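Below is one structure, written out as C-alpha cells; comments come after it.
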Amino acid sequence: MAWLVRDGEVLASVELADGRAARRRGLLGRSDFDGVLRIKARSVHTIGMRFDIDVAVCDPDGTVRRVLTMAPWRVSRPELRPTIVFEARAGTLREWNLRPGDSLEVR
Numbered sequence: 373m374a375w376l377v378r379d380g381e382v383l384a385s386v387e388l389a390d391g392r393a394a395r396r397r398g399l400l401g402r403s404d405f406d407g408v409l410r411i412k413a414r415s416v417h418t419i420g421m422r423f424d425i426d427v428a429v430c431d432p433d434g435t436v437r438r439v440l441t442m443a444p445w446r447v448s449r450p451e452l453r454p455t456i457v458f459e460a461r462a463g464t465l466r467e468w469n470l471r472p473g474d475s476l477e478v479r
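Structure below.
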C-alpha cells in the first residue's frame, strides 16, 4: 500500500497497479477500497463493474490532467502516451475538490 498525497495532505491509501494484469484489473471485482493507482495506463474501462467510478488522469509528474466519472460498461478515450490513472468510488474526487492542475504524489 502507498499513500496518495496532495499539498502534504494524505487523501487515501492506494494500491499500486504497475503490472500489466494489475493495470487491466483496476477496481474490477472489488467492493471495499480507497483507490487504485494505475501506472502507465492508456485508457480506463468499467466493463464488468457494478458501480460508477471517479477517474483522475495525471501526467507522469503527478499533475492532474482531467477528472471524470465513469458509469459501468464504458471505455474512456485512449491517451496518446502512458499516464498515471487514479480510480476511486464515484464522488470521492468531488469530496476532495480535485481539479485539473492539482499535483498528486505517492508516498
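Numbered by this note's numbering, the letters in the sequence shown go through residues 373 to 479 in order. Think of the CB as a built atom: it goes at the ideal place given N, C-alpha and C, for glycine as much as any other residue. In this text, all values refer to a predicted model and were calculated from it rather than measured experimentally.
Taking the alpha-carbon positions, what's the residue i to residue j distance?
{"i": "S475", "j": "V439", "result": "13 Å"}
{"i": "V447", "j": "S415", "result": "7 Å"}
{"i": "P454", "j": "T435", "result": "14 Å"}
{"i": "A389", "j": "E381", "result": "22 Å"}
{"i": "D433", "j": "G420", "result": "30 Å"}
{"i": "E451", "j": "L409", "result": "16 Å"}
{"i": "W468", "j": "M373", "result": "20 Å"}
{"i": "D379", "j": "I411", "result": "21 Å"}
Do residue i and residue j have their C-beta atoms within less than 8 Å of each other?
{"i": "L470", "j": "A413", "result": "no"}
{"i": "A462", "j": "A384", "result": "no"}
{"i": "D406", "j": "V386", "result": "yes"}
{"i": "R465", "j": "D431", "result": "Checking the displayed sequence, the identity of residue 465 turns out to be Leu instead of Arg. No; because the gap between Cβ atoms is not below 8 Å, this pair is not in contact."}
{"i": "V457", "j": "W375", "result": "no"}
Thinking C-alpha only, which one of the options is nearest residue i?
{"i": "T418", "options": "T441, D433, D431, V436", "result": "T441"}
{"i": "F423", "options": "D433, L388, P444, P472", "result": "P444"}
{"i": "R437", "options": "E467, W468, P472", "result": "P472"}
Restricting to runs no shorter than 4 residues, where is the alpha helix (DSSP H) found entirely within the stretch 430-472? 464-467
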